[in-house]
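Visitor: Numbering (full-length UniProt numbering), first residue to last: 1 to 146.
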């Protein structure tokens, strides 16, 4: 699959804004290890090989175990994740699959049990941001490097 275009050079102003948003999400209330998990899960759902690869590599570099990374796709059937991580992964799926899920009340209740109001807004912003990155990478056929 060949890249369609380089979105960084095609629209530098838009990409500066995206980079700024990404930088903001890393400074919010959600711990970096959890941010990696939600970025990986959203990217898996969106079929974004580039982002799934990049965030898996980054998570591993920051100490995440391979075993947990392998289990992100099947987190519901795995005992490797805390209640907070499970709530974040459920919220990630519901927000990413918004058209199908409409973000059910039970998923919201699970998230609110584990996250403050500020954290839930910050988590949602991080999910929205990775979904935007996924849409760029998939639409313009960015693929993982060697």
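Glycine included, every Cβ here is placed at the ideal spot set by N, Cα and C.
Keep in mind the model is a prediction, meaning the values are calculated, not measured.
Relative to the alpha-carbon of residue 63, which residue among 32, 116 and 128 has its alpha-carbon at the smallest distance?
Guide: 32
Visitor: What are the uninterrupted segments assigned as alpha helix (DSSP H) that are 4 or more residues long and contained completely in the region 25–105, given in chain order?
Guide: 32–45, 49–61, 66–71, 83–96 and 98–101
Visitor: Along the chain, where does the alpha helix (DSSP H) containing residue 135 start, and where does it finish?
Guide: 117–139
Visitor: Helix, strand or coil for residue 1? Go by DSSP, reduced to three states.
Guide: coil
Visitor: Would you grab the beta carbon distance between residue 93 and residue 27 for me? Rounded to a whole angstrom, and I think it's under 8 Å.
Guide: So it is not a contact: roughly 25 Å between Cβ atoms.
Visitor: Residue 143: which of 20, 48 and 108 sits nearest, CA to CA?
Guide: The residue with the shortest Cα to Cα distance from residue 143 is 48.
Visitor: What's the C-alpha gap between residue 20 and residue 13?
Guide: 11 Å
Visitor: Check whether the region 104–114 touches the region 74–88, counting contact only when three or more Cβ pairs, one atom from each stretch, lie closer than 8 Å.
Guide: yes
Visitor: What's the call for residue 126, buried or exposed, on a 16-neighbour Cβ count within 10 Å?
Guide: buried
Visitor: Using alpha carbons as the reference points, say which of 50, 91, 76 and 97 lies closest to residue 105.
Guide: 91
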